[in-house]
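Trainee: Numbering (my numbering), first residue to last: -18 to 223. Every residue, glycine too, gets a C-beta built ideally from N, C-alpha and C.
(1) Quick one: Cα of residue 72 to Cα of residue 61, how far?
(2) Which two residues bound the contiguous beta strand (DSSP E) that contains residue 60?
(3) Can you tell me whether DSSP reads residue 87 as helix, strand or coil?
(4) Taking C-beta to C-beta, are residue 212 and residue 198 nearer than 7 Å?
(5) If I follow the unbroken beta strand (DSSP E) through residue 195, where does it start and stop?
(6) Could you please give the first and the last residue of the uninterrupted alpha helix (DSSP H) stretch that includes residue 80?
(7) Assuming residue 16 contacts residue 124 under a Cβ cut-off of 8 Å, what Cβ separation, rounded to an integer in Å, is found between them?
(8) Quick check on DSSP: helix, strand or coil for residue 151?
(9) Who are the Cβ neighbours of residue 177 in its own chain at under 7 Å, not counting the five residues just before and after it?
(10) Pull up the distance between the alpha-carbon of residue 112 and that of residue 216, whole angstroms please.
(11) Tell me the DSSP secondary structure of residue 187 in three-state form.
(12) Would you kindly check if the distance between the Cβ of residue 89 and the Cβ of residue 135 is under 7 Å?
(13) Quick check: what's the CA-CA separation for residue 156 versus residue 109?
Okay, structure coming up:
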């Protein structure tokens, strides 16, 4: 597979575009690409372009040629709502969920969330997670970039309107039903994962009142950084494109 880079705008037949600073640095300093080398560019909205690199002083440009409309997104649209975990676990969750074809990622702060984010620190972290998703798309071949939504407290999130015709699932240890007991959804799926220690009893009641059905992945209790990725992989195998 050719080296792949996200270029957010300006992709059109015959266009010449500047690679973003980080992408240009990676191409030149890490991959050792140079004038005339072939690359793939995508803008995150589906499809990709075959292009050739052109050195322009310290910057790096690309001349676009053929377009491929394939975006490689699965037919199942899943939003992962992740209880904010500790340390750098969210980086791993965003990376792996993107590789599995998630449509969107929404971090939420629950009562047992160890990390507390707000203001500029929160904005920096959201931007960082979006860049993690960009790098994962570049690596795995996905041409549709998942969005990383702003952080909300769990009650704020539960107050949002549910997606039309959407299935809302909550991964709950001890739940009576798993994916095999469910029919393939006709619309989007929202998957809610708790932080370390899970949700408190009052939060669990609010989650169910908001229309989330408890879902089991079996007899073992998975860590928060494992649970969402495992559930997403199972959904893609059962309902998606695996």
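Mentor: Based on what the coordinates show:
(1) Counted from its first residue, the chain shown places residue 72 at position 91. Counted from its first residue, the chain shown places residue 61 at position 80. Approximately 14 Å between the Cα atoms of the pair.
(2) Here residue 60 refers to the residue found at position 79 when the chain shown is read from its first residue. Per DSSP, residue 60 belongs to the beta strand (DSSP E) from 59 to 64.
(3) Position 106 of the chain shown, counted from the first residue, corresponds to residue 87. Of the three classes helix, strand and coil, the one that applies to residue 87 here is strand, per DSSP.
(4) Along the chain shown, read from residue 1 onward, the residue named residue 212 stands at position 231. Along the chain shown, read from residue 1 onward, the residue named residue 198 stands at position 217. With contacts defined as CB atoms closer than 7 Å, residue 212 and residue 198 qualify as a contacting pair.
(5) Residue 195 sits at position 214 when you count from the first residue of the chain shown. Unbroken beta strand (DSSP E) run through residue 195: 194 to 196.
(6) In the chain shown, residue 80 corresponds to position 99, counting from 1. It spans 70 to 80 - the alpha helix (DSSP H) in which residue 80 sits, taken as one unbroken run.
(7) For the purposes of this step, residue 16 is taken as residue 35 along the chain shown, with counting starting at 1. For the purposes of this step, residue 124 is taken as residue 143 along the chain shown, with counting starting at 1. Contact between residue 16 and residue 124 is ruled out by a C-beta separation of about 25 Å, above the 8 Å threshold.
(8) For the purposes of this step, residue 151 is taken as residue 170 along the chain shown, with counting starting at 1. Residue state, collapsed to three classes: strand.
(9) Position 196 of the chain shown, counting from 1, holds the residue named residue 177. The answer, listed in chain order, is 66, 67, 93, 95, 205.
(10) In the chain shown, residue 112 corresponds to position 131, counting from 1. In the chain shown, residue 216 corresponds to position 235, counting from 1. C-alpha separation (whole angstroms): 25 Å.
(11) As a working note, residue 187 is residue 206 in the chain shown. The answer is helix: DSSP assigns residue 187 an H, G or I state.
(12) The count along the chain shown starts at 1 and reaches residue 135 at position 154. The count along the chain shown starts at 1 and reaches residue 89 at position 108. Yes, the Cβ-Cβ distance between residue 135 and residue 89 is below 7 Å.
(13) Residue 156 sits at position 175 when you count from the first residue of the chain shown. Residue 109 sits at position 128 when you count from the first residue of the chain shown. Near 34 Å, if we compare the C-alpha coordinates of residue 109 and residue 156.
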